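Asks: These protein sequence lines are chains Z and B, in that order.
Position in the first sequence counted from 1, then plus 302, gives you this note's numbering.
Position in the second sequence counted from 1, then plus 186, gives you this note's numbering.
From the three backbone atoms N, C-alpha and C, an ideal C-beta is built for every residue, glycine too.
Keep in mind that this is a model prediction, so the values were computed, not measured.
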Amino acid sequence: KNEVEQSPQNLTAQEGEFITINCSYSVGISALHWLQQHPGGGIVSLFMLSSGKKKHGRLIATINIQEKHSSLHITASHPRDSAVYICAVRPAGSARQLTFGSGTQLTVLP
Amino acid sequence: NAGVTQTPKFQVLKTGQSMTLQCAQDMNHEYMSWYRQDPGMGLRLIHYSVGAGITDQGEVPNGYNVSRSTTEDFPLRLLSAAPSQTSVYFCASSYRLRGPGELFFGEGSRLTVL
């Protein structure tokens, strides 16, 4: 069983919709990352968080350490948000390594 | 700053051949790492380094060697390529020494082993 589970695996939305991608993990962690992988393959870091909530533009990431759950929200979605969104956790006992989810493929239609 | 530069972008090898994937960063990051990405699976850590002269194994190290002679460079070597090593490889670096902070990724290298 993967230590990091993302849902949904695939998501199609209409432009303007509010989008939520979920990440659940099974181990204690010291930090959680959200990454975006563009259709061309490049990966960029969106957020790193260990508690609470972070916001950058139309993107919001939240984490609930007690429930071992994080969400990535996209407000007013746009076709350029189409990408794979990847959750990764830094296990508390393995500070130098990350465990990755398999990603959520998001397609935003105009 | 160029960020993380990874070469080559594409490579086709025959079984048993050797090659080196190059990774360089110009951000003075202590932490560097190599991942492979396979369909339906998350990124998996191959090897990582927390500074020049220091390397360690990740989740899937077999068949790969690394070295870190300088802060900037972290090459990944395949000594005898196997079809199971067909994958997309990413190099990533981070500033924080004590565990990866914000990660900066190279553009990826698509390797096919025939």
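Smallest Cα separation from residue 384(Z): which of 343(Z), 394(Z) and 308(Z)?
Replies: Residue 384(Z) has its Cα closest to that of 343(Z), out of 343(Z), 394(Z) and 308(Z).
Asks: So, at 7 angstroms on beta carbons, what are the nonlocal neighbours of residue 264(B) in its own chain, with the 5 sequence-adjacent residues on each side left out?
Replies: Same-chain partners within the cutoff: 204, 205, 249, 250 and 271.
Asks: Which stretch, first to last residue, makes up the beta strand (DSSP E) that contains residue 219(B)?
Replies: From DSSP, the beta strand (DSSP E) with residue 219(B) extends over 217-223.
Asks: Within a Cβ cutoff of 6 angstroms, which residues of the same chain sit near residue 202(B), ignoring the five residues on either side of it in sequence?
Replies: Hits under 6 angstroms: 266.
Asks: Along chain Z, in chain order, which residues have C-beta atoms closer than 8 angstroms to that of residue 276(B)?
Replies: Near residue 276(B) (Cβ distances below 8 angstroms), the residues of chain Z are 345.
Asks: From what residue to what residue does the beta strand (DSSP E) around residue 366(Z) run?
Replies: Segment 361-366, the beta strand (DSSP E) holding residue 366(Z).
Asks: Using DSSP with H/G/I as helix, E/B as strand and the rest coil, what is residue 271(B)?
Replies: Correct three-state label for residue 271(B): helix.
Asks: Within a Cβ cutoff of 6 angstroms, which residues of the same chain sit near residue 405(Z), ignoring the five residues on either side of it in sequence?
Replies: 386 and 388, listed in sequence order.
Asks: Give me the Cα-Cα distance between residue 224(B) and residue 273(B), rounded to the nearest whole angstrom.
Replies: Going from the Cα of residue 224(B) to the Cα of residue 273(B) covers about 6 angstroms.
Asks: In this structure, how does DSSP classify residue 383(Z) when only helix, strand and coil are distinguished?
Replies: Three-state result, residue 383(Z): helix.
Asks: How would you label residue 376(Z), buried or exposed, when you count the other beta carbons within 10 angstroms and need 16 or more for buried?
Replies: By the 10 Å Cβ count, residue 376(Z) comes out buried.
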